[in-house]
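Reading through the structure tokens given below for one structure.
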Amino acid sequence: LKKQFFGAKIHIFENHCSHRLRFFCKLIPNLLGHPVYLFIGFIKSELKVGVIYVKENQYTEEDILDNNEASPRFEEFLQILGETVKLKGFDRYKGGLDTVHDLTGTQSVFTQWRGIEVMFHVSTLLPHEDNDPQKLQRKRHIGNDIVCVVFLEADNTSFSPSCIKSHFLHTFIIVRDSPRIKFKHPR
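Here this note's numbering is used: position 48 in the sequence shown is 48, and no number is missing along the way.
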């Protein structure tokens, strides 16, 4: 049940209430004939979003996160997402990336959209170590994001979210590069 309460959207859940919200529950009259509990959601002003690049015939997490070189089409796509920024000395939202010692790469992609600062964790821009088969440097950031944009290089490339092992990734946005679609970005 959703209600408006002093201009805030409030989701009302029956028979469930966290300890911290119990006092709010007492403020609302008994609307349904039994206890009413509240959850007030706030929109974050900062987001971190993973971006992975998938080439043709790549199906495993290891193969996908092993990509170090980006194609011109992927680079063009990153320019659509935001501005490539130098991380050292970057003073806006960092999304967990190191801006002092370049330990998480030297560049990333950043944008501001409707007052929300977005830092993209781009797989090809995060550190890569040849002797790390699990690609932990890259997975530490992308695997802890909630949303991941997946750029598929070819028309016949497929992707299954289950190939990326994570407890946090919940939403995958699939972008397929297609030579049949002609689009010129207005920037």
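The beta carbon of each residue, even a glycine, is placed where N, CA and C say it ideally should be.
For F120, the first and last residue of its enclosing beta strand (DSSP E): I116 to V122
Residues bridged to I52 (per DSSP): V150
Supposed close pair C148, L126 - CB separation, criterion 8 angstroms: About 13 angstroms separates the two Cβ atoms, so there is no contact after all.
Supposed close pair V49, D145 - CB separation, criterion 8 angstroms: 6 angstroms
Collapsed DSSP secondary structure at S71 in the structure displayed: coil
Run of the beta strand (DSSP E) containing R176, from where it starts to where it stops: T171 to R176
Cβ-Cβ separation, F110 to T99 (assumed contact under 8 angstroms), whole Å: T99 to F110, Cβ: 11 angstroms. No contact.
CB contact flag (H101, H121, <8 angstroms): no
Under 8 angstroms between C-beta atoms of F159 and D177: no
Nonlocal neighbours in the same chain, by C-beta distance under 7 angstroms from P133, ignoring five residues either side: E62
CA-to-CA distance, K135 to K94, given in whole angstroms: 21 angstroms
Distance, S45 Cα to G115 Cα: 7 angstroms
For K139, the first and last residue of its enclosing alpha helix (DSSP H): L136 to I142
Endpoints, the beta strand (DSSP E) within which E83 is located: E83 to K86
Three-way DSSP call (helix, strand, coil) for Q58 in this model: coil
Close beta carbons around G82, own chain, < 8 angstroms, minus the five adjacent residues each side: V109, F110, T111, V118 and F120
Length of the line joining the Cα atoms of N68 and T157: 18 angstroms
Burial state of H167, where buried means 16 or more other Cβ atoms lie within 10 Å: exposed
L47, DSSP secondary structure in three states: strand
Between the CA atoms of R92 and F74 - distance to the nearest angstrom: 24 angstroms
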